[in-house]
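Q: These protein sequences, in sequence, are chains A and B. With the first letter of the first sequence counted as 1, position 251 gets the number 321 in the numbering used here; the numbers rise by one all the way through. With the first letter of the second sequence counted as 1, position 52 gets the number 70 in the numbering used here; the numbers rise by one all the way through. Heads up, the beta-carbon is just placed ideally off N, CA and C, and yes, glycines get one too. I am attaching a structure below and will ask some questions about it afterwards.
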Amino acid sequence: MSERDRGTKGDILLDMKNVVIDGFSDERWHEIIKGIDLTLRRGEVLGLIGESGAGKSTLGLAAMGFVRPGCRLTSGEIHFDGMELRSMPERHKQKLWGTRIAYVAQSAAAAFNPAHKLIDQTIEIALRNGQTSEKEAQADAIDLYRAMQLPDPENIGFRFPHQVSGGQLQRAMTAMAMASRPDLIIFDEPTTALDVTTQVNVLAAMRDAVERFNTAAIYITHDLAVVAQMADRIKVLRYGVEMEEAETRKMLTAPENEYTKSLWSVRSIYKEPQTSDDNIIEINGVDAAYGKGENVLHDVNIKIPRGKTVAIVGESGSGKSTMARVVTGLLPQNRGEVLFNGEKLPPRLKDRSKEQLRKIQMIYQMADTAMNPRQTIKDIIGRPLEFYFGHKGADQEAKVLELLEMIELDESFMDRLPEELSGGQKQRVCIARALAANPELIICDEVTSALDQIVQEGILQLLLKLQTDIGVSYIFITHDIATVQAISDEIVVMLQGKVVEQGLKSEIMEPPYPEYTQLLLSSVPEMDPDWLTELLKAREGV
Amino acid sequence: MNVKVFGLGKAFSFHPREICDLKQEGQLHPIVRTILQRLLLGLFTLFVVSVIIFSSIELLPGDFGEAVLGQAATEDTVAAFRRELGLDQPAYMRYANWIGGVVQGDFGTSFSGRSSSGVDRSRAVVDLIAPRLKNTLFLASMTALIAVPLALFLGVTAALYRNSIYDRIVNVFTLTTIATPEFFVAYILILLFASLNPWFPSLANINENMAFGEKLYKTALPSLTLTLVIVAHMMRMTRAAIINLLASPYIEMARLKGVSASKIILFHALPNAWAPIATVIAFNLAYLVVGVVIVEAVFIYPGVGQLLVDAVRTRDMPVVQAATLFFAATYIVLNLIADIIGIITNPRLLHPR
């Protein structure tokens with residue numbers, strides 16, 4: 071591939087001035103980016119952080135001169151290497167896209183076309199430009215796969231996207247972006263969908279690629295610790311407005327803006343771990359499988375102390391949610407038993423008594439899909455009150471009001487529909503619905519992972535307060551170690567359907583660790599810009 | 019070296035190594051197994067349909083013997099006739115005889131051509147149906163050869179220029195033709211292209227002795243009529259299936275790689291849209307075989323549809339049974355093919371992990 075004149079490192083590559091972007095929703099146009107300036111020099115990495123709805127992705131795409139359908143660029147200038155992208159016709163921009171500016175999407179699993187092999191998608195643009203033959207382009211793609219530390223680089227490209235794991239796909243997508251040696255890459259939350267253990271490798275590969283090819287990059291994420299590893303500078307956005315921009319180290323040590331400071335507030339909750347010998351749930355030697363498939367749980371033994379919080383951690387596919395399905399009776403186990411208050415629980419849901427059902431409640435990750443969109447909040451919370459206790463009419467309304475008070479919402483919410491609530495409020499309503507049954511155990515399945523940091527903090531505080539007030543026990547399923555640190559008493563580490571260890575938080579989080587716990591804990595990004603470098607050094611040393 | 023099939027994209031290109039994978043160590047590739055399962059299921063469906071056909075004919079009131087021989091026939095003749103046809107036997111025996119024959123390619127003898135006079139000019143059902151069937155399939159293939167590519171072309175281009183004037187014109191035109199009764203379309207075409215401008219014949223009475231070119235010329239108007247009737251459905255499904263995919267993240271990714279709009283439609287959307295498109299095409303092709311009796315009537319075209327209507331009127335049950343069984347088989351086979359296309363264009367199924 072012929073080397074383009076890359077200019078000198080330090081020259082201004084991208085200069086966006088007073089960019090305003092409108093989005094269309096609720097039958098009218100709203101400003102979603104409210105006049106932002108952004109400057110990027112060659113070879114520099116800018117981190118763009120903020121919560122969902124902050125406009126990070128919209129701004130990142132605008133840097134390519136692209137706006138999503140349903141959005142429009144209303145004013146501002148976008149200069150890329152001396153060219154004004156806003157007024158440039160689409161067919162001219164198409165020549166820049168994929169060659170000089172590349173994009174790495176959030177979910178590689180969705181952003182690769184399922185109908186084509188990876189390598190065909192990787193070399194698509196190189197072939198379009200007609201500078202290389204298919205053979206040369208393939209050879210180059212294989213080199214890039216190797217640079218991205220993909221296993222079996224010679225052959226992996228000849229697989230279809232569904233035949234490759236999520237972390238590998240994300241690396242292949244970075245390779246695809248690198249294929250034309252672009253001047254600028256937009257990384258749009260590239261590791262958000264990955265497990266922490268996978269994230270480390272992907273981050274390392276991406277950082278290495280950016281350095282090796284001296285590419286400028288905009289790195290979009292909501293995770294400060296991740297961006298600290300990647301970026302030279304960080305820009306914080308909120309509701310389409312810039313809050314603060316600073317060098318990475320300065321931003322981490324001395325953030326000036328109040329909002330920026332609040333971004334890592336979850337990490338400030340801490341609960342003193344306690345345990346009890348009185349177990350509300352004992353899971354003894356459980357094996358479980360879906361259909362006639364292989365076992366996904368192998369001889370699982372877990373004890374849940376009464377009135378305490380047990381966090382179950384592990385990667386996706388480790389069996390965390392399957393374990394919850396066994397406890398709730400949605401998936402009858404093949405072997406072993408689940409004791410609830412010392413009594414054996416029937417494996418099948420339909421064999422359990424109403425009382426048994428009432429005492430175990432569940433809260434889900436996606437509050438949106440866990441509520442009937444056509445029912446008012448009053449109906450949603452009132453349903454378990456009627457089903458378990460026969461509360462009706464004014465009696466039921468009084469109880470709903472009481473529950474709304476517990477979750478810190480007022481009575482104006484009674485007649486609203488779920489779509490009129492924010493993500494955090496919806497999750498609160500789900501909590502109230504679980505509480506309505508007056509349960510002894512609540513299983514929380516990734517309840518905060520779809521929420522922003524500040525909202526997460528509110529939900530976690532609420533859950534802790536409820537535990538103190540009514541003594542409910544929690545099984546808290548999550549892959550987020552920061553959340554675990556915040557609220558758990560005990561921790562269960564799971565890997566491939568087996569329990570690696572269980573114990574008090576203070577014991578699990580302190581060395582000595584079993585090998586896997588060590589890997590898991592060390593993979594959680596820290597707010598230290600040198601964390602990734604040090605970690606890789608330490609791992610190489612082993 | 020890769021073997022490539024145009025339009026179906028790379029999902030259809032194989033490394034020679036992969037083809038060997040298809041039969042690894044005596045184990046059937048999951049695709050082959052699925053296809054075999056579907057085939058068996060299709061056969062089973064056909065069996066159920068044959069039972070339904072047979073029993074619904076059993077449910078018809080009246081006596082076949084009297085109906086066929088006429089009021090003038092004596093009771094003895096009718097009884098003899100019934101005995102000869104085996105109508106005196108219980109239903110399950112008659113079904114077994116019939117289906118046993120069908121399996122060996124013998125569809126029985128037509129009731130028509132018999133009369134109370136005792137003179138038997140009846141013919142084998144196969145001899146009656148076979149030439150008609152050839153004609154029906156000829157008309158259907160001619161129409162399909164025009165209609166399917168046309169519908170795909172219109173659907174893809176309408177998706178490419180969605181919401182443009184072109185898209186609207188195509189939609190309005192095809193919707194108009196599908197909303198108009200087919201006999202009316204046929205008469206309009208006769209008026210325009212046979213009467214006002216005598217370019218094509220208005221009668222499509224082809225026979226076996228005609229040359230291919232002459233047949234083609236004679237079937238021009240019925241083909242055109244049917245094309246107008248079926249294009250809208252297929253075109254709209256193609257357009258919808260493609261547009262449905264345009265919101266996918268991988269389409270946005272392709273745009274952000276600078277892939278042009280037409281290539282996005284052809285290489286990124288279409289390969290993922292074959293399953294619904296194939297289903298609709300199969301449905302319409304089946305209609306071409308089994309649902310064209312009105313068009314046949316307008317153009318006096320000697321197809322199976324006309325034969326079936328005649329046979330029902332004269333209570334010629336062996337012909338009715340054979341024709342309906344054939345129609346059912348057509349539906350099953352075409353849907354089977356659509357299913358298989360849906361399976362093999364899905365790389366998740368074609369190339370399991």
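Is it the case that the region 194-201 of chain B contacts the region 245-253 of chain B, given that we only count it when at least three CB pairs across the two stretches are under 8 Å?
A: Yes, the region 245-253 of chain B is in contact with the region 194-201 of chain B.
Q: Could you name the residues of the same chain whose beta carbon sits closer than 6 Å to that of B:K41, not counting the 5 residues immediately before and after it, in chain order?
A: Here B:K41 scores only 44 on pLDDT, less than 50, and its place in the model should not be relied on; the value that follows carries that caveat. Hits under 6 Å: none found.
Q: How would you label B:V23, buried or exposed, when you count the other beta carbons within 10 angstroms and need 16 or more for buried?
A: Since pLDDT at B:V23 reaches only 38, below the 50 mark, its modelled position is unreliable, and the value read off the structure follows with that caveat. With fewer than 16 other Cβ atoms within 10 Å, it is exposed.
Q: Output, in chain order, the set of chain B residues within a Cβ distance shorter than 8 Å of A:G168.
A: Those within 8 Å of A:G168 in chain B are L274, K275, G276, V277.
Q: Could you tell me which chain B residues have their CB closer than 8 Å to the CB of A:A181, listed as they occur along the chain?
A: Correct list: P267, Y268, E270, M271.
Q: List the residues of chain B that A:M134 touches, going by C-beta distances under 8 Å, in chain order.
A: L274, listed in chain order.
Q: At the 9 Å Cβ level, is A:P184 part of the contact set with chain B, yes or no?
A: Yes, because at least one Cβ of chain B sits closer than 9 Å to the Cβ of A:P184.
Q: Give a yes or no on whether the C-beta atoms belonging to A:V89 and A:L590 are separated by under 9 Å.
A: Cβ atoms of A:V89 and A:L590: not closer than 9 Å.
Q: One question on the structure: do A:M476 and A:L511 come within less than 9 Å of each other, judged by their Cβ atoms?
A: No.
Q: B:R366 CB to nearest chain A CB: under 9 Å?
A: Interface residue, yes.
Q: So, does the region 352-367 of chain A touch the region 391-407 of chain A, judging by three or more C-beta pairs under 8 Å?
A: With the cut-off at 8 Å, the region 352-367 of chain A and the region 391-407 of chain A touch.
Q: Can you tell me which of A:A502, A:A295, A:I433 puts its alpha carbon nearest to the alpha carbon of A:T518?
A: Comparing Cα-Cα distances from A:T518 to each of A:A502, A:A295, A:I433, the minimum goes to A:I433.
Q: I want to see whether chain A comes within less than 9 Å of B:A142, judged by CB atoms only; does it?
A: No, because no Cβ of chain A sits closer than 9 Å to the Cβ of B:A142.
Q: What does B:P289 touch in chain A if you count any residue whose Cβ is under 7 Å from its own?
A: Chain A residues near B:P289: A185.
Q: Just to confirm, are B:M111 and B:G173 a CB contact at a threshold of 9 Å?
A: No, these two residues do not count as a Cβ contact at 9 Å.
Q: Residues in its own chain within less than 6 Å of B:H369 by CB, not counting five upstream and five downstream?
A: No residues qualify anywhere along the chain.
Q: By Cβ distance below 8 Å, which residues in the same chain neighbour A:R156 in space, the five residues on each side in sequence not counted?
A: Answer for A:R156: G135, L143, G146, E147, I148, listed in chain order.
Q: Give me the residue from A:S558, A:A242, A:R319 with the minimum Cα distance to A:I339.
A: The candidate whose alpha carbon is nearest that of A:I339 is A:S558.
Q: Per DSSP, what are the beta-bridge partners of A:A287 in this structure?
A: Answer is A:V115, A:I255.
Q: I'd like to know whether the C-beta of A:S95 is nearer than 9 Å to at least one C-beta of chain B.
A: Taking Cβ atoms only, chain B never reaches closer than 9 Å to A:S95, which makes this a no.
Q: Comparing the C-beta of B:H286 with each C-beta of chain A, is any distance below 9 Å?
A: Yes - at least one Cβ of chain A is within 9 Å of the one on B:H286.
Q: Which residues of chain A have a Cβ atom closer than 7 Å to the Cβ of B:H369, listed in chain order?
A: Result: F230, Q233.
Q: Residues of chain B with CB under 8 Å from A:K165, in chain order?
A: The answer, in chain order, is G276.
Q: Run the CB neighbour count on A:E194, radius 10 Å, all protein chains shown included, and call it buried at 16 or more, exposed below.
A: Buried, since its Cβ has 16 or more Cβ neighbours within 10 Å.
Q: Check whether the region 431-445 of chain A touches the region 489-498 of chain A, taking contact to mean three or more Cβ pairs, one atom from each stretch, closer than 8 Å.
A: With a cut-off of 8 Å, the region 489-498 of chain A and the region 431-445 of chain A count as touching, because enough Cβ pairs lie within range.
Q: B:T363 CB to nearest chain A CB: under 9 Å?
A: B:T363 counts as touching chain A.
Q: Go to B:G231, then tell me how far its alpha helix (DSSP H) extends in each direction, as first and last residue.
A: Taken as a continuous stretch (DSSP letters only), the alpha helix (DSSP H) holding B:G231 covers 230-236.
Q: Ends of the alpha helix (DSSP H) at A:T268?
A: 266-282 is the extent of the alpha helix (DSSP H) around A:T268.
Q: Among the residues of its own chain, which have a CB less than 6 Å from the CB of B:K28, if the five just before and after it don't count?
A: With a pLDDT of 40 at B:K28, under the threshold of 50, the predicted position of this residue should be treated as unreliable, though the coordinate-derived value follows. Excluding sequence neighbours, B:K28 sits near nothing in its chain.
Q: As a quick exercise: from A:A286, A:A180, A:D302, pick the residue whose alpha carbon is nearest that of B:Y268.
A: Of the candidates A:A286, A:A180, A:D302, the one whose C-alpha sits nearest the C-alpha of B:Y268 is A:A180.
Q: Within the 9 Å Cβ cut-off, does A:L84 reach chain B?
A: Output row for A:L84: interface = no.
Q: Shorter than 9 Å from the beta carbon of A:E194 to some beta carbon of chain B?
A: Output row for A:E194: interface = yes.
Q: Can you name, in chain order, every residue of its own chain whose Cβ lies under 8 Å from the Cβ of A:I450, other than the five neighbours on each side?
A: Answer for A:I450: M441, N442, P488, V499, R503, listed in chain order.
Q: Out of A:M218, A:E121, A:S592, which has the shortest C-alpha to C-alpha gap to A:M243?
A: Nearest C-alpha to A:M243: A:M218.
Q: Taking only runs of the beta strand (DSSP E) that begin and end inside the region 56-114 of chain B, which ones reach a length of at least 3 residues, in chain order?
A: Listed in chain order, nothing qualifies, since the region 56-114 of chain B has no complete beta strand (DSSP E) run of 3 or more residues.
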